[in-house]
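Top line first, the protein sequences correspond to chains A and B. Whatever position you read off the first sequence (first residue = 1), add 32 for the working numbering. Whatever position you read off the second sequence (first residue = 1), add 22 for the working numbering.
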Amino acid sequence: MNSHGFGGAASPGADAFAAMLAPVKDAFLVSLHDHIVAFEAFPEVSGAPQADAAKQDLAHRAHKIAGVAATLNYRRLGQLAANLEAELSADSNSGEVRETIGQLTCEIKAALQAR
Amino acid sequence: MKILAVDDDPVFRQTFEAVLRMHDIQDLHLAESGAEALRIVQAQEEKFDCIFADIQMPGMDGIELAGTLRALDPSSETQIVMVTGMSGRSSIDKAFMAGADDYITKPLEPMEFKARMASIQRIHATKLQAAAMQSQLNAATSRQHQVDFEDPIIPPEVEGLISYKALRNYLQAIGRPRYALSQRIGFSIENAANIFVRTTDEEYLDILADVAEVIQAALKTRNVMLAYAGSGDFVAVAPAGPMAAADHLESEINATLEDYANTYLLNCFPVVRVGKPARGSFFSRRAIDDTLEDTISAARARVAASTTSMRKIA
């Protein structure tokens, strides 16, 4: 069993799993660059006609982040993304959404800086 | 196990691949869409053991993919496992209705995933075992038989063994007075049906030939007409005269066959039961066919008695 908790009885172990995930982590962090641009643009479009499409796009991005972040040891990042996806899907008020986006973008920047 | 993982997110696909490799999955295929997954599935010679499919994908989503896969091959035993984030949990019911067998949630949690994989691998192992047993059963029971079990075939190269039809015709031809002076004995191979399903035609005929020769030797008389009546039954017609009792004949025949027990395939060692000899009657108006049937029935009654006796002992 590796430090992430994955692996069967014959699994190579923590180091091997970390080595397998290293390129995946890199790809994840690269994708965050693209996501953060979209998240930071949301406040500007939230009142515009294209807001619904923007919300769907953000919800989709949040869904992708939430789906892998915890597995790659970015638990808080993943939780914030899941919160944002839920709020966008529930059509929460824009204030709550903006607050969550703010927390999420901070967490993303922290992850990118730690790289 | 052979696995296909379907997800439109390349990062999740890579993550999932790493996790599956950590669970010793070597035969792994990846698809980025439902449509690609369908193409991959249909291109395979061997079916996938398990398909993991993200529920939320653009175009063909995981639920539609599951439904399509089940519609294309309703008898497939491929396990379909939905992969869904929290937002997709409301679609779980639809996924199961479409043909999914299970689901796991994103992000992948180690304990949950380990439990799911253990379950999937357990089901896979059970299916392999069942397939192996079915294969053995098919091999045992579906050997090519050109002849039917009931056919009164003549085992090859047994001197003095005639066809059942010839025996009937002979008895009809000799007339009632001579027939009345003859004695008839039935012999029934107790486990003939069992042997038949486990052997080829050639092997079965060889066993019948062995039994015929041993019967002839036990009867110790040259003027015996022995015929195979089908279904593991023999009828011998001999002139009136001293003849060993049925139980003595039975013991001698089976003792002789036991000497050759090692030459037979497993569970193909024949056991013979001998019916009480019957003599004809000048006054009987019964048809010869009926009396021959009585002879066979007497031997089968011995089989039934022997089987009942063995059950009681058990």
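Every residue, glycine too, gets a C-beta built ideally from N, C-alpha and C.
Pairing B:Asp232 with B:Leu279 gives a Cβ-Cβ distance under 9 Å. Per DSSP, the beta-bridge partners of B:Cys72 are B:Ile25 and B:Gln101. B:Tyr125 sits in a strand when the DSSP states are folded into three classes. Taking all protein chains in view, the Cβ of B:Met104 is crowded by 16 or more other Cβ atoms within 10 Å, so the residue is classified as buried. Per DSSP, B:Asp173 has no beta-bridge partner at all. In this structure, B:Ile77 and B:Gly110 form a Cβ contact; the two beta carbons are roughly 4 Å apart against a cut-off of 8 Å. Taking C-beta atoms under 8 Å as the contact rule, A:Glu117 and A:His95 qualify, at a distance of about 5 Å. Residues of the stretch 120 to 138 of chain B whose Cβ lies closer than 9 Å to any Cβ of chain A, in chain order: Lys128, Pro129, Leu130, Glu131, Pro132, Met133, Phe135 and Lys136.
DSSP places B:Met247 in the uninterrupted beta strand (DSSP E) bounded by Met247 to Gly252. Residues of the stretch 101 to 121 of chain A that bring their beta carbon within less than 8 Å of a beta carbon in chain B comprise Ala101, Ala102, Thr103, Leu104, Gly110, Ala114, Glu117, Ala118 and Ser121, in sequence order.
Between B:Leu230 and B:Pro177, the C-beta spacing is below 9 Å. Between the C-alpha atoms of B:Tyr282 and B:Ile275 there is a straight-line separation of about 12 Å.
DSSP, read as helix, strand or coil, puts B:Leu227 in helix. Between B:His167 and B:Thr127, the C-beta gap is not smaller than 9 Å, which leaves the two residues out of contact. If you look at B:His51, you'll find it in the beta strand (DSSP E) that goes Asp49 to Ala53. Classified as buried, B:Val257 has 16 or more neighbouring CB atoms from the shown chains inside 10 Å of its CB.
For B:Gly208, the enclosing beta strand (DSSP E) begins and ends at Ser204 to Ile211. Residue-level contact check: B:Arg144 does not touch chain A, since none of the beta carbons of chain A fall below 9 Å from its beta carbon. Contact residues of the stretch 38 to 50 of chain B toward chain A are Ala40, Val41, Arg43, Met44, His45 and Asp46 (C-beta to C-beta distance below 7 Å). When Cβ-Cβ separations below 9 Å define contact, A:Leu53 makes contact with chain B. B:Ile47 is a Cβ neighbour of B:Met23, given a cutoff of 9 Å.
Using beta-carbon distances, A:Ser63 counts as an interface residue toward chain B, with a partner under 9 Å. Counting along the chain, the unbroken beta strand (DSSP E) around B:Arg295 starts and ends at Val294 to Val296. Taking all protein chains shown into account, A:Ala146 has fewer than 16 neighbouring C-beta atoms within 10 Å of its C-beta and is therefore exposed. The Cβ atoms of B:Gly208 and B:Gly297 lie closer than 9 Å to each other. Counting only residues of its own chain and dropping the five nearest sequence neighbours on each side, B:Val169 has a CB closer than 6 Å to the CB of Ile175 and Asp223. With a contact defined as Cβ atoms closer than 8 Å, B:Gln205 and B:Ile310 miss out at about 14 Å. When DSSP reads this structure, B:Phe256 sits in a beta bridge with B:Phe209 and B:Tyr250. In the three-state reduction of the DSSP assignment, B:Pro32 falls in the helix class.
When beta bridges are read from the DSSP output, B:Pro261 appears opposite B:Ser204. The beta carbons of B:Ile25 and B:Leu42 sit closer together than 9 Å. Residue-level contact check: B:Asp31 touches chain A, since one or more beta carbons of chain A fall below 9 Å from its beta carbon. Non-local C-beta neighbours of B:Val180 in its own chain, meaning closer than 7 Å and more than five positions away in sequence, comprise Ala231, Ala234 and Glu235, ordered along the chain. Taking C-beta atoms as the reference points, A:Leu64 and A:Ile133 fail to come closer than 9 Å. In the assembly as shown, B:Gly197 is an exposed residue. Its beta-carbon has fewer than 16 other beta-carbons within 10 Å. If the five residues before and after B:Val28 are omitted, its C-beta is found closer than 8 Å to the C-beta atoms of Leu52, Ala53, Glu54, Ser55, Gly56, Glu58, Ala59, Ile73, Phe74, Ala75, Asp76, Met79, Gly84 and Leu87, all from its own chain and listed in chain order.
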